Structure formats: C-alpha cells, structure tokens
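So our numbering is basically just the index in the sequence shown, starting at one, shifted up by 84. Glycine residues also receive a C-beta, built at the ideal position from the N, C-alpha and C atoms. Treat the numbers as computed from the prediction; the structure is a model and nothing was measured. For reference, the structure is listed below as structure tokens.
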Amino acid sequence: MEGGAFADDVTPCFPSLTAPGFASLWTGAPPRITGISGNRVPRLPRSQFTILESSAGFNNTLLQAEPLWASAERAGRRVVVTHVPFGGDKSDLGVHLQGYRGIAGRDGIVSGRSKPQPAQSWEDLPSSVVPPLEITFTIGSSTLYGLLIDDPSDPQKGYDTLLVTNTRSGKAVTAKLKSQPAGPGGEFFWSKPIDVKTNDGRNASAYLRLFDLKPDGTDFLLFFTRPTQEMISRPDLMRDADATSRTFIGNGANPLYSQGALGRTLPNGGDGTAEARYLETVTFAQHQLMEANRWALEHLPWELFIAYTPFPDEAEHMWRGFLEPSLPGFRQDIADRLRPLLQQVYRLSDELLGLLMAHRTEDTIVALISDHGMEGTYRLFAVNKLLRESGILAMDERGRVDLARTKAIYPAINNGYLLINSIDRKGGIVTPEQRQELVQRIRGLLLEMRDGERQVVTGVYDARVDGDTMGIGGESGGDIYIDLLPSYEVDPKFSAAELIAKRDPHGTHGFNPLRPSMRTLMVLNGPGIRPGQRLSGVRIIDFAPTLAELLRVPVPKDATGKVLHEAFSDPH
Ligand SMILES: [Zn+2]
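Written out as structure tokens, the structure reads:
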C-alpha cells in the first residue's frame, strides 16, 4: 500500500458472494452481464426449468462474459492461473491449474469408534513391540487398511504409529503416520498424497494426518483431505513437479470443525484442541497452494500470473460472529481465544502474498483484490414463511412448492433475491400485466416486516427498474433483490417454524454491496503505479479493465467497469 495505489472501500457485486464476485472481478462486468448471479444460479432456459431448479454457479460454460485471462491470451500473453474460481480452460498460451474442479468427495475423520481389532491374515506384518491392531476405512470408493503398531525404533511407549496400506500386507504401506497433536510444526506429520479412487472409480489423491493415538490403541483421530483429481490444462508441462504441488487440497476442514468432528469447539466449551486441528488443516492447505504457486512461478513461462486463496474467508465464516461485541450473547473470553486464531489465518494469507511478491521482477505489477467483505450475523428471517402467510407462495399437502398457486419464492440457492413465477418460466403463472402489482405487494410486505420494533428488510430493488444501475437481474438473475438489517440473514427454508429465529453467530456475506461490511480492498503496486495514491469510488468490476490497461492488452470485451487512471503515475 505504501509503494502503490490502494482502495479499502471497494464495492463488490450484488449478491456479494464468491462465484458472482470472481465472475465480475475477472470480466469487469456485473452479474446481470456475466450470468453468474450466485454460487448456484437459476437454471436456463426459463422455458424448460422452474423457479425451483438451479445449476452450479462455478461453471465456465455459464460465464457469459470474457475474463481477463482470455483477453490477455487473445493478445498473445502467456498466462498461468492457479486454482482461481472460473480459472480458464485449455488454451495454447495458458496453463490453468483447476484444483477446485478436481474435488471428488469429502474430507473426513476415522476414529476409535471404528474399533481396532487384532491384525489377522496379514502378510509380512511389520515388527511391533505389542500385537498390531487393524482398522479398515474408506476414502471415496477405496478401502484402506490401517495397522496400529508400537514401532520398536520409536521410544514412545505403547501404540505410536499408524501404517496405511491398500491390501493386508506390510509391504504395501503407502503412509506411515506418527501421532502428534496439532500445533506449530504439525505439518511435518502429514502424509504425502496417497492414491485413492473416487466414488465413480477415477484416480484421485488425498493426504492423511494422525492427530491423536492413545497408547493402548483404544482411540485415535485420523483426518483425510478431500479426494482430488489433477486438473491441469497442460499436464505435460507439470510432469516434473512434485506430488504435493500437483495434489490440490484447497480448503481447511471447516465442515468437520463446525460439526464438532475435530473435537468440541471453543464456543461449545472445548479447550482449543479442535481449533488447533482446524488451523493445522488451514496451514497445510495454504502451504500446498504455496508449493503449487512456487513451482509454477519458477518453472512455467508467464506474463500474467493469477493466484487465489480461500483464506481468510473460510475462517471468517466460522469465527466472525463471535468477534463482534455488538451481537447479543457476545462473550469476551471466547473472542479473546478466537481472535488470535483468525489472525493466524491472516498471517498465512500474508505468507502466500509474500511468496508471490518474492517472485516479482523490476517490471512486475502486483495487484491484490478480495471479492467481498464479511459481517457477523445471529438472526434469521424466513422470507418464504412470510410469502406463504400472504398467499404468494403455496405448498401442497406433501410439503412441496405448488407452482400452480405460487407467484414468487425466495429460492433455496439463497442469493439475496426472489424469483417471480412468471409465465416465461416452466410452470409460471404470473403474466407481464400482473408483475408490477405483485412487486408492489411484495415490497410492502417486506418493508413492513418487524422484529420487535426493528424493521428487518431495509431495501427492496426491482431488477427491472434498478437492473442496469445496480448490475442485477438478467436472464439468470433474480427479480426482486432485498437487503436486511445488519446481523440478520435470510433463512431460505420453505418450512421454517418462525418468521424470525436465532442462529449460532457466524460470519456471512452476500448482502447489498454498498454496505460498509461488504466493502473490500484493492492494491496495485509496481512500475507505472502512483505510490501512496488512495483510490475512491472503486468497484470490483474496475479491476480487470485497469489490469488490461496496465498489461497493454484489450479490456475484456463485456466489461462495463472503468480503467482507474488515477492509479497510474504516467499517462496511459
Ligand atoms: Zn465466503
């Protein structure tokens, strides 16, 4: 920031979610144009799909605007993209590592509940001070065998080692794991990637970590990462990279942590063990990203290098709700324990940034951006319950939405907008003539919604009226966008019991991008950038056009964002 130009109140897109955010920041166009209106989007064409159907939003084939890497390749620039949402396809000039597309299953744990048994019918049993115990477990469709032993060369007393094999043979060991509590240096106790099969039989890899093993063998905690296939557009160019660079992890074990599978969490009375384990999964995932980037930076030809990390977003989701004193139920003791952990996640992101900056040359421009902000929330507003009570949404006796009697819903994809069941959609009943009256009625209902004295819905926007100025709506966007009072979020369930309900505090984004909490940052640094320049009025859609100008390549062809000339030290 000191040596470059920066903005810290950058406006994301509406909804301020990850898939729309990345689609917009790489194309310079809002969701109305990119077609990516959420992490899942209403399924097209409208004539063939109802308002209840959706498609995954992280999908290049749905992206209707040109991203920067495509315009850069069009201009002959060599591009490397590593694990970036949407991140590119096969091309002559680009190398696209697409780990997120290769994820083929869930991470998980194996614990003492799987009841270790005396090892029987094994070949070549390894030596052990006490009789070995065996476990079996599955990752994807692979059955794996584990052998708990007391390694004669390990001074620890009792069971101290887990050997993992593909068959009941001591000669087929694919990982030798030592039990070690999570903590600094714990990443040295992770396995190399081991081969597994996905549920549909494809080759994939996963990493293992043994967080705990009782000396008597009665209990243990083995963690495995999501089985992942290699997704590299030019595998020929990465043949020499080591297995860790090629085997993507991507995320920390946040679902397992939130479910309590890593141990009781601090807010639920835990002692910090679960957080230490989660943090180590974050550290390992981040370091894998760094290894992939380091290898790519040093071995692949590039003029535009694009990297991504899902941190700190993931940890912010879990912990932000406990850090805001304004939220009811705030506990200082919990906040004091969690804040340093979140700061550690930020430090890890800083490490990745440091790696990228260490690889720049004199003529390299470094550009940093985030796709959205974060806000602590603790209350749910069940908008569909309100629509049901008002007769706008109808359910049948089996609890399904009855489209023949439904005029509008807040779809389960939870993108901050309602869909009108218009007659251009399959099963639609609302005619163009009826639309305006319906919108007026919904607007009135929503704005009247109260939680005690508080007005819950603070903004209602008709995409037909505000679509161009706000970048909302479009064929695969919403019809009516809403904004809520800070600390409230929508519960999209059709069968919620209460209009307003409490939930565990957590971090959320997706709200109106003009909210201060949703604003994000942008930093540009390097030759041609004006040092110390503070930028204002910046939107994430200005990022790609500005970079295109700096790279001297065509602005992505659907961009509506502007070139930030005020960031430049010399006229472009
Ligand atoms: Zn997020």
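Could you please give me the residues that DSSP links to residue 126 through a beta bridge? For the purposes of this step, residue 126 is taken as the residue at position 42 of the sequence shown. For residue 126, DSSP records a beta bridge to 138.
By a C-beta neighbour count over all protein chains shown, 10 Å radius and 16 as the cutoff for buried, is residue 636 buried or exposed? Residue mapping note: residue 636 aligns to position 552 of the sequence shown, counting from 1. Exposure of residue 636 is indicated by the presence of fewer than 16 other C-beta atoms within 10 angstroms of its C-beta.
Considering only C-alpha positions, which residue in the set 85, 570, 92, 153 is nearest to residue 411? If you number the sequence shown from 1, residue 411 lands on position 327. Answer by Cα proximity: 570.
Check whether the Cβ of residue 371 lies closer than 7 Å to any heavy atom of ligand 1, and answer yes or no. Against the sequence shown, residue 371 aligns to sequence position 287. Not under cutoff, so the answer is no.
For residue 125, the nearest candidate out of 140, 116, 132 (CA to CA): Counting from 1 along the sequence shown, the entry for residue 125 is found at position 41. Here the closest residue by C-alpha is 140.
Using the Cβ count rule (16 or more neighbours within 10 Å means buried), how would you classify residue 463? What you label residue 463 is simply residue 379 of the sequence shown in a count that begins at 1. In the assembly as shown, residue 463 is a buried residue. Its beta-carbon has 16 or more other beta-carbons within 10 Å.
Touch test, the stretch 274-293 against the stretch 178-198, Cβ-Cβ under 8 Å, three pairs minimum: The stretch 274-293 vs the stretch 178-198: in contact.
Are at least three pairs of beta-carbons, each pair with one atom in the stretch 405-420 and one in the stretch 372-380, less than 8 Å apart? With a cut-off of 8 Å on Cβ pairs, the stretch 405-420 is not in contact with the stretch 372-380, counting fewer than three such pairs.
So, with DSSP's three-state summary, where would you put residue 214? Residue mapping note: residue 214 aligns to position 130 of the sequence shown, counting from 1. It is coil, neither helix nor strand.
Here's a check: name, in chain order, each residue in its chain whose Cβ is nearer than 6 Å to the Cβ of residue 506, leaving out the five neighbours to either side. Numbered from its first residue, the sequence shown carries residue 506 at position 422. The residues are 512, 514.
Give the DSSP-derived three-state secondary structure of residue 406 in the structure shown. Here residue 406 refers to the residue found at position 322 when the sequence shown is read from its first residue. Here residue 406 sits in helix by DSSP.
If you draw a straight line from the alpha carbon of residue 643 to that of residue 629, how long is it in whole angstroms? Residue 643 sits at position 559 when you count from the first residue of the sequence shown. Residue 629 sits at position 545 when you count from the first residue of the sequence shown. Going from the Cα of residue 643 to the Cα of residue 629 covers about 7 Å.
For residue 277, does the count of other Cβ atoms within 10 angstroms reach 16, so buried, or fall short, so exposed? For the purposes of this step, residue 277 is taken as residue 193 along the sequence shown, with counting starting at 1. Result: buried.
Report all residues from its chain with a CB closer than 8 Å to the CB of residue 358; omit the five preceding and five following residues, and keep chain order. In the sequence shown, residue 358 corresponds to position 274, counting from 1. Result list for residue 358: 341, 344, 346, 347, 348, 349, 350, in chain order.
Which residue's Cα is closest to the Cα of residue 452: 459, 421, 438, 533? As a first step, residue 452 is located in the sequence shown; it is residue number 368 there, counting from the start. Minimum Cα-Cα distance from residue 452 among the listed residues 459, 421, 438, 533 corresponds to 438.
Buried/exposed call for residue 145, threshold 16 Cβ in 10 Å: For this step, residue 145 is matched to residue 61 along the sequence shown. Exposed, by the Cβ-count rule.
Residue range of the unbroken beta strand (DSSP E) whose run includes residue 545: Taking the first residue of the sequence shown as 1, we reach residue 545 at position 461. Where residue 545 is concerned, the enclosing beta strand (DSSP E) stretches over 541-546.
Could you pull the start and end residues of the beta strand (DSSP E) that residue 597 belongs to? What you label residue 597 is simply residue 513 of the sequence shown in a count that begins at 1. Taken as a continuous stretch (DSSP letters only), residue 597 belongs to no beta strand (DSSP E), as it is neither H nor E.
Return yes when the C-beta of residue 740 is under 7 Å from any heavy atom of ligand 1, and no when it is not. Any property of residue 740 remains undetermined from this structure, which presents the chain solely from 85 to 656.
Cβ-based neighbour list, residue 223, same chain, cut-off 8 Å, excluding 5 preceding and 5 following: If you number the sequence shown from 1, residue 223 lands on position 139. Cβ neighbours of residue 223 beyond the five flanking positions: 189, 192, 280, 290, 308, 311.
Using only the heavy atoms of ligand 1, determine whether one of them is closer than 7 Å to the beta carbon of residue 401. On the sequence shown, position 317 is the one that residue 401 refers to. Yes.
Residue 178 - partner residues in DSSP beta bridges: Indexing the sequence shown from 1 puts residue 178 at position 94. According to DSSP, residue 178 bridges with 163.
Coarse secondary structure for residue 241, derived from DSSP in three states: Counted from its first residue, the sequence shown places residue 241 at position 157. Secondary structure at residue 241: coil, using DSSP grouped into helix, strand and coil.
I need the straight-line Cα distance from residue 400 to residue 355, nearest angstrom please. As a first step, residue 400 is located in the sequence shown; it is residue number 316 there, counting from the start. As a first step, residue 355 is located in the sequence shown; it is residue number 271 there, counting from the start. Going by the C-alpha atoms only, they are around 20 Å apart.
Per the contact definition of three or more C-beta pairs closer than 8 Å, is the stretch 294-301 in contact with the stretch 321-337? These segments do not touch.
Residue 130 and residue 138 closer than 8 Å at C-beta: Walking along the sequence shown from the start, residue 130 turns up at place 46. Walking along the sequence shown from the start, residue 138 turns up at place 54. For residue 130 and residue 138, no; Cβs fall outside 8 Å.
Using a Cβ-Cβ cut-off of 6 Å (strictly less than) and excluding sequence neighbours within five positions of residue 392, which residues of its own chain qualify? Within the sequence shown, residue 392 is the residue found at index 308, counting from 1. Closer than 6 Å at the Cβ level, and outside the excluded window around residue 392, lie 167, 168.
Note down, in chain order, each residue of its chain lying with its Cβ closer than 6 Å to the Cβ of residue 255, except the 5 sequence neighbours on either side. Looking up residue 255 in the sequence shown gives position 171. Around residue 255: 208.
Does the Cβ-Cβ distance between residue 640 and residue 149 come in under 8 Å? Counting from 1 along the sequence shown, the entry for residue 640 is found at position 556. Counting from 1 along the sequence shown, the entry for residue 149 is found at position 65. A contact, by the Cβ cut-off of 8 Å.
Which stretch, first to last residue, makes up the beta strand (DSSP E) that contains residue 477? On the sequence shown, residue 477 is found 393 positions in, with the first residue counted as 1. That residue, residue 477, is in no beta strand (DSSP E); it is neither H nor E in DSSP.
Assign residue 115 to one of two classes, buried (16 or more other C-beta atoms within 10 Å of its C-beta) or exposed (fewer than that). Position 31 of the sequence shown, counted from the first residue, corresponds to residue 115. When all chains shown are included, residue 115 counts as buried.
Closest Cα partner of residue 123 within the set 304, 105, 231: Position 39 of the sequence shown, counted from the start, is the residue given in the question as residue 123. Looking at the Cα atoms, 105 is the closest of the given residues.
Fully enclosed by the stretch 413-501, which alpha helix (DSSP H) runs are 4 residues long or longer? You should have 416-442, 467-473.
So the alpha helix (DSSP H) residue 377 belongs to, where does it begin and stop? Walking along the sequence shown from the start, residue 377 turns up at place 293. Under the DSSP assignment, residue 377 falls in the alpha helix (DSSP H) whose first and last residues are 357-383.
Buried or exposed: where does residue 205 fall if 16 or more other Cβ atoms within 10 Å of its Cβ makes it buried? For the purposes of this step, residue 205 is taken as residue 121 along the sequence shown, with counting starting at 1. Under this definition residue 205 is an exposed residue.
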